[in-house]
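When we follow the numbering used here, the leftmost residue of the sequence shown carries the number 67, and every step to the right adds one. Positions of the beta carbon are idealized from the N, C-alpha and C atoms, including for glycine. Here's the structure, in structure tokens; my notes come after.
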Amino acid sequence: MNKKYTLGLDIGTTSAKSVLFTTNGSVVSEHEVTYPTIHPEPAWVEQDPYIIENAAITAIKSTMEKSQIHPDELISIGLSSAMHSLICMDEKGDALTNTITWADGRSVKQASQLKGSEIGSSIYLKTGTPIHPMSPLLKLIWMKETGYPPYEKAWKFVSIKEFLIYRWFQKAVVDFSVASATGMFNIHSLEWEKEALALAGINEEQLSAPVPPTYLLEGLSVEIAGRMGVKQDLPFAIGGSDGPLANLGIGATESGDTAITIGTSGAIRQMSSSPKTDMKQEVFCYAVSNDLWILGGATNNGGNVLQWLKTVLGEKENCRSGKFK
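Laid out in structure tokens, this is it:
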């Protein structure tokens, strides 16, 4: 039986999306599973990581079932995820907190104090992540300063993608672009930045090992493989965050290529052959691979504004015309 398919899994802000492709890039089948957002306190924006895990597994299983291909025909799965999420995790791979998303605003005070300071500017120029409440660095500073109990108990601080990888493969690894979005990753040396870790009150052992996007994850849990409907020895490519992978998907991968993407949020992103930052912190710059970086500007609002408008007005979008009817 010829193996001729590959599958992409995107762990987004509002849903897990799975798409099956032929090796020439044609879409065979796809499936999306949404999940809710939780607001336990004003400005807190969280999600249940176990609901996300089940959504990701269901998306893959449903995509495979729709395609009716044999598991032997699937070559690999590639992973994508939204940036800036944070989970406190124990040694068993269990979550001590919900997923704190990029939209969370609990660290506004810490961000305003750090932004513009000498150490804040130094960290931005090293990491390429603007000082902003979205950043896991600022979330960790908030945890340290408020005595947040899960922070004191955590074995690792991880993103939602790292959480799933550890639960599925028992490996604590993170791709360069997701690591870059933490505000604690040096985009010049491709290592964790000690100055940022000191501010967060954590050490390098509490973070995952950074790896390039081509890193292959092998040894999938037998139970998870069964739930997904894939082979246990199927390799997963760790991939990257949704930003650079959006550029990859439309072919904007050469230095200087620029793309505009709108999902829940929106961004303009340009690939670069070297890291670039500015003293005003007007651009972000994240490492993608050993020789590519992505830089640009983002807005917290994008497709979520359209969704809000549709909810408020109670009207349906005319997809053909792009107008409301």
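Burial state of P108 is exposed, judged by a 10 Å Cβ sphere holding fewer than 16 other Cβ atoms. Between the stretch 185-199 and the stretch 135-145 there are fewer than three C-beta pairs closer than 8 angstroms, too few to call the two in contact. Distance from S274 to E228 at the Cβ level is roughly 5 angstroms; contact confirmed, criterion being Cβ atoms closer than 8 angstroms.
For D241, no alpha helix (DSSP H) segment is defined; the enclosing uninterrupted segment is the beta strand (DSSP E) at V239 to D241. Contact check for I126 and S81: beta-carbon distance about 13 angstroms, past the 8 angstroms limit, so the pair fails to qualify. Residue environment for S340: exposed (fewer than 16 other C-beta atoms within 10 angstroms of its C-beta).
When DSSP states are grouped into helix, strand and coil, E107 belongs to the coil group.
In terms of Cα proximity to K70, the closest of Y116, A122, E119 and P137 is P137.
By the Cβ-count criterion, A266 is buried, with 16 or more other Cβ atoms from all chains shown falling within 10 Å of its own Cβ.
The DSSP-derived three-state label of Q236 is coil. When DSSP reads this structure, E257 sits in a beta bridge with N252.
Per DSSP, the unbroken beta strand (DSSP E) holding T100 starts and ends at V93 to T100.
DSSP places D76 in the uninterrupted beta strand (DSSP E) bounded by Y71 to I77. Note: R293 is not bridge-paired with any residue in the DSSP secondary-structure output. Considering only K181, Q347, F223 and I231, the residue with the shortest C-alpha distance to A291 is I231. Secondary structure in the stretch 182-248: the beta strand (DSSP E) runs of 3 residues or longer, each lying completely within the stretch, are 222-224 and 239-241 in chain order. Within its own chain, the residues whose Cβ lies closer than 8 angstroms to the Cβ of Q272, once the five positions on either side in sequence are excluded, are A220, W221, K222 and F223, listed in chain order.
With 16 or more other Cβ atoms inside 10 Å of its own Cβ, L180 counts as buried. The C-alpha of A121 is placed about 9 angstroms away from the C-alpha of I77.
Sixteen is the threshold: since fewer than 16 other Cβ atoms of the shown chains lie within 10 Å of the Cβ of E257, the residue is exposed. Below 8 angstroms, enough C-beta pairs join the stretch 168-177 and the stretch 199-211 to call them touching: three or more.
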